[in-house]
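This report refers to the structure that appears directly beneath it.
In my numbering, the protein residues as written are 3 to 198.
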């Protein structure tokens, strides 16, 4: 193994921890509160993103369903071919784009605005077009990624999951979501056996 390899691997933990620390220390509580209110009121949350960000939105869509908040992930390529028909007035659309100007997401934002759905954007650049269209921006820290080229979705990926997990904790608390309710819809696996 190269002399530099272990140091780079260890630095990955530090870079990702730093992203979460920045989120915690600079949390826009008003934005999180507004996002929480929109999610609580929505009968459906639609999520979309490209690349690695898409995996964070898929995970959050599943997490929302786990606390009985209907949600679905729609790939951008399908969203512009009829997939946005699921989005109705009063629903929430969540888009994730670190750079704030992902071309594939722009049509989705405009569809949401025309349908009077609420738009939450997770981005490191709220000043760019998608952020400007949003009803709520949840800002990612513009901190270096873990890799030496600063291009891989690593620290920003962890930060995005952190934002969604924080919203999840808020929803569970606000809904007084019970372990019994969770157990009913989660009979499978070790978790299901433990609860039930």
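In this text, a Cβ means the ideal position worked out from N, Cα and C, and glycines have one as well.
Check your understanding: If you check the beta carbons only, do residue 156 and residue 124 fall under 8 Å apart?
Key -> Remark: C-beta atoms of residue 156 and residue 124 do not approach each other more closely than 8 Å.
Point to revise | Exposure label - residue 187; buried when at least 16 CB within 10 Å | key: Classification of residue 187: exposed, given that the 10 Å Cβ count is below 16.
Point to revise | Top-ranked residue by Cα proximity to residue 178, from 7, 70, 28 and 8 | key: With distances taken between Cα atoms, residue 178 lies closest to 70.
Practice item. Quick one: residues in its chain with C-beta nearer than 7 Å to the C-beta of residue 153, no 5 flanking neighbours on either side, listed in chain order? Key: Only 147 meet the Cβ criterion.
Point to revise | Which listed residue (76, 99 and 87) has its alpha carbon closest to that of residue 63 | key: Comparing Cα positions, the closest option is 76.
Review point. Around the C-beta of residue 198, are 16 or more other C-beta atoms found within 10 angstroms, so that it is buried, or is it exposed?
Key: When all chains shown are included, residue 198 counts as exposed.
Check your understanding: Taking Cβ to Cβ, would you say residue 36 is nearer than 8 Å to residue 193?
Key -> No.
Exercise for review: Return the residue from the list 57, 47 and 145 that minimises the CA-CA distance to residue 89.
Suggested key: Here the closest residue by C-alpha is 47.
Practice item. Starting from the Cα of residue 99, find the closest Cα among 38, 158 and 31 and give me that residue. Key: A check of alpha carbon separations from residue 99 across 38, 158 and 31 identifies 158 as the nearest.
Practice item. Round the Cβ separation of residue 169 and residue 132 to the nearest angstrom and send it over; I've been treating them as touching at under 8 Å. Key: In fact, because the Cβ distance is near 18 Å, the residues do not count as touching under 8 Å.
Review point. Counting along the chain, where does the beta strand (DSSP E) carrying residue 121 start and finish?
Key: Per DSSP, residue 121 belongs to the beta strand (DSSP E) from 120-125.
Review point. Within 10 angstroms of its Cβ, does residue 134 collect 16 or more other Cβ (buried), or is it exposed?
Key: When all chains shown are included, residue 134 counts as exposed.
Check your understanding: What does DSSP give as the partner residues of residue 50 in its beta bridges?
Key -> When DSSP reads this structure, residue 50 sits in a beta bridge with 97.
Review point. What did DSSP end up calling residue 89 once you bin it into helix, strand or coil?
Key: Coil at residue 89, not helix or strand.
Review point. DSSP state of residue 153, grouped into three classes?
Key: In the three-state DSSP reduction, residue 153 falls in the coil class, being neither helix nor strand.
Exercise for review: Return the residue from the list 94, 93 and 136 that minimises the CA-CA distance to residue 103.
Suggested key: With distances taken between Cα atoms, residue 103 lies closest to 136.
Practice item. Please go through the same chain and pick out, in chain order, the residues whose beta-carbon is closer than 7 Å to the beta-carbon of residue 176, but skip the five residues on each side of it. Key: Annotation for residue 176: 38 and 42 place their beta carbon closer than 7 Å to its own, counting only its chain and skipping 5 residues before and after.
Check your understanding: At which residues does the alpha helix (DSSP H) containing residue 73 begin and terminate?
Key -> Counting along the chain, residue 73 falls outside any alpha helix (DSSP H), though it belongs to the beta strand (DSSP E) covering 73-75.
Exercise for review: Leaving aside the five residues before and after residue 126 along the sequence, list all residues of the same chain whose C-beta is less than 6 Å from its C-beta, in chain order.
Suggested key: Once the five neighbours on either side are set aside, the close Cβ partners of residue 126 are 100, 142 and 144.
Practice item. Mark residue 207 as exposed unless 16 or more other C-beta atoms lie within 10 angstroms of its C-beta, in which case mark it buried. Key: Lying before the first or after the last residue shown, residue 207 is absent from the chain, which here runs from 3 to 198.
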